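*Asks:* Once you've had a glance at the structure underneath, I'll fire off some questions.
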Amino acid sequence: MGGMVAVVVFVVAIIMLSKLVRIVPQGWEWTVERWGKYTHTLDPGFHLLIPVMQNVGRKMNMMEQVLDVPSQDVITKDNAVVRVDGVVFYQVLDAAKAAYEVANLEMAIINLIMTNIRTVLGGLDLDESLSKRDEINAKLLKVVDEATHPWGLKVTRIELKDIQPPRDLVDSMARQMKAEREKRANILDAEGFRQAAILKAEGEKQSVILAAEGQKEAAFREAEARERLAAAEAKATEVVSAAIVGGDVNALNYFVANKYVEALKAMADSPNQKMLLLPIEATGVLGSLAGIAELAKNALSEQQTDKRAAPPRNPPAPTLPPR
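Under this note's numbering, residues 58 to 380 are what the sequence shown spells out, in order.
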């Protein structure tokens, strides 16, 4: 009997000791209740409680936590039905408020986020819902963080993981994207053709300008050549005229023979003439040619006479007689 009592006392002592000593792990906070009423919060570390009178109420995780927001169907502003899910990051800042201000903390957070997702997406078109995800996340974060502040929470981030439009809308968007890309391709092709046409026109313009410049230069050269030829002919005519005035018949023969030969050349070069008959005397032509030879001989004789009559350029120095 005495041994049984001792065992009971030992067991009761162990239970009371376990109720007395409490060790809170890092990242957690425990609430303490006295006779069922909240009194204070235990921080991480070693603590002593009065058994039976004081008990641990709630064990709250103070680390940042993640909750998956289940998918739901949402109607956008343009009556498109999309399926949306997300994820939320939150942290408990006040263990007492998180423990006693709301009955089921996680369920309350999820329902609050799902409701605000429907509210935010309901005010946007489908295109805005798909393209302005950052703005949607920012609006949700602001609204949910303000709503959960009385619960002792800090919502750090809300992200929409996936927005799925209906299959028919996806196919329509794919066709629209394809048409837009084809439109851009056609515009680029048209721009390329336009640029090529401009470059070709510029090249033709430069070619015409260069050709005109070449024709201008050729005409200038041709006019200069004709001018020089005319000057030479004028000089020759002047020399022949002077010889005729001086009584030299050979000069007259040269002039007539020159014109005679030019006329024959013009008639022979005609493309319509296959045969040429000339009722002329050969002796006349030979006499003119003899006169040309005589004229050339006289010109050479005059040049030699001029050279002999000219005084020497450097006359020899006079020599002095010897003394």
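Here a beta-carbon is modelled for each residue, glycine too, at the ideal position from N, C-alpha and C.
These numbers come from a predicted model, not from an experiment.
Which value, in whole angstroms, describes the spacing of the CA atoms of V144 and D125?
*Replies:* 5 Å
*Asks:* Please report the straight-line C-alpha distance between I220 and P127, rounded to a whole angstrom.
*Replies:* 12 Å
*Asks:* Check A339 in the structure and name its three-state DSSP category.
*Replies:* Low per-residue confidence applies at A339: pLDDT is 45, beneath 50, and the placement is therefore not dependable, though the value from the model is reported in the following sentence. DSSP places A339 in helix when its eight states are reduced to three.
*Asks:* With H, G and I counted as helix, E and B as strand and the rest as coil, what does DSSP make of G180?
*Replies:* coil
*Asks:* Report back the beta-carbon spacing between L99 and V78 to the nearest angstrom; my notes put them in contact at under 8 Å.
*Replies:* Not a contact, Cβ separation roughly 12 Å.
*Asks:* Between the C-alpha atoms of S298 and A287, what's the straight-line distance to the nearest angstrom?
*Replies:* 16 Å
*Asks:* Run through the region 116-152 for me and flag every whole beta strand (DSSP E) of 3 or more residues, listed as ranges in chain order.
*Replies:* Within the region 116-152, the runs of beta strand (DSSP E) at least 3 residues long that lie entirely inside it are, in chain order, 122-132 and 138-149.
*Asks:* Can you name the start and end residues of the beta strand (DSSP E) that K211 belongs to?
*Replies:* L210 to Q221
*Asks:* Please report the straight-line C-alpha distance between L150 and R241, rounded to a whole angstrom.
*Replies:* 54 Å
*Asks:* Start and end of the alpha helix (DSSP H) containing I193?
*Replies:* DSSP places I193 in the uninterrupted alpha helix (DSSP H) bounded by R190 to T205.
*Asks:* Answer with buried or exposed for A269, where buried requires no fewer than 16 other C-beta atoms within 10 angstroms of its C-beta.
*Replies:* By the 10 Å Cβ count, A269 comes out exposed.
*Asks:* Below 6 Å, is the gap between the Cβ of A253 and the nearest heavy atom of the ligand NAP?
*Replies:* With respect to the ligand NAP, the structure shown offers nothing to examine, as it has no ligands at all.
*Asks:* I'd like to know whether the C-beta atoms of G209 and A155 end up nearer to each other than 7 Å.
*Replies:* yes
*Asks:* Does Q263 come out as helix, strand or coil in the three-state DSSP assignment?
*Replies:* helix
*Asks:* Just verifying my parser: in three-state terms, what is the DSSP assignment at E90?
*Replies:* strand
*Asks:* Taking the alpha-carbon of P207 as reference, which of K196, I166 and L226 has the nearest alpha-carbon?
*Replies:* The candidate whose alpha carbon is nearest that of P207 is I166.
*Asks:* By the DSSP assignment, the beta strand (DSSP E) with L105 in it spans what residues?
*Replies:* Run containing L105: G102 to L105, per the beta strand (DSSP E) assignment.
*Asks:* If you run the structure through DSSP and keep just helix, strand and coil, what is F67?
*Replies:* Here DSSP, grouped into helix, strand and coil, assigns F67 to helix.
*Asks:* Report yes if the C-beta distance between T213 and F146 is below 7 Å; otherwise report no.
*Replies:* yes
*Asks:* Closest by CA to M171, which one among G249, A137, D130 and W92?
*Replies:* D130
*Asks:* Return the CA-CA distance between G114 and V200, expressed in angstroms with no decimal places.
*Replies:* If I take the Cα positions, the gap works out to 30 Å.
*Asks:* Assuming contact is defined by CB atoms lying nearer than 7 Å, are L197 and N173 in contact in what I supplied?
*Replies:* If you check the CB distance, L197 and N173 come in under 7 Å.
*Asks:* Could you give the DSSP three-state label for G113: helix, strand or coil?
*Replies:* Going by the sequence as given, residue 113 is Val instead of Gly. In this structure, V113 counts as strand in the three-state DSSP scheme.
*Asks:* Give the single residue among M230, A70 and V141 whose Cα lies nearest to the Cα of I193.
*Replies:* Here the closest residue by C-alpha is V141.
*Asks:* Look at the alpha carbon of L343 and the alpha carbon of T294, and state the distance between them as a whole number of angstroms.
*Replies:* Summary for L343: the model assigns pLDDT 48, below 50, so the residue's position carries little reliability; its value from the coordinates is reported in the next sentence. L343 and T294: Cα-Cα distance of roughly 21 Å.
*Asks:* So if DSSP puts L99 in a beta bridge, which residue, or which two residues, is it bridged to?
*Replies:* W87
*Asks:* Considering Cα atoms alone, identify which of W87, A289 and S75 is closest to Y95.
*Replies:* W87
*Asks:* Where do the N-terminal and C-terminal ends of the beta strand (DSSP E) with V159 fall, by residue?
*Replies:* Taken as a continuous stretch (DSSP letters only), V159 belongs to no beta strand (DSSP E), as it is neither H nor E.
*Asks:* Go ahead and label A152 buried or exposed: buried means 16 or more other beta carbons lie within 10 angstroms of its beta carbon, across all protein chains shown.
*Replies:* buried
*Asks:* Would you decide whether I244 is buried or exposed? Buried here means 16 or more other CB atoms lie within 10 Å of its CB.
*Replies:* With fewer than 16 Cβ atoms within 10 Å of its Cβ, I244 is classed as exposed.
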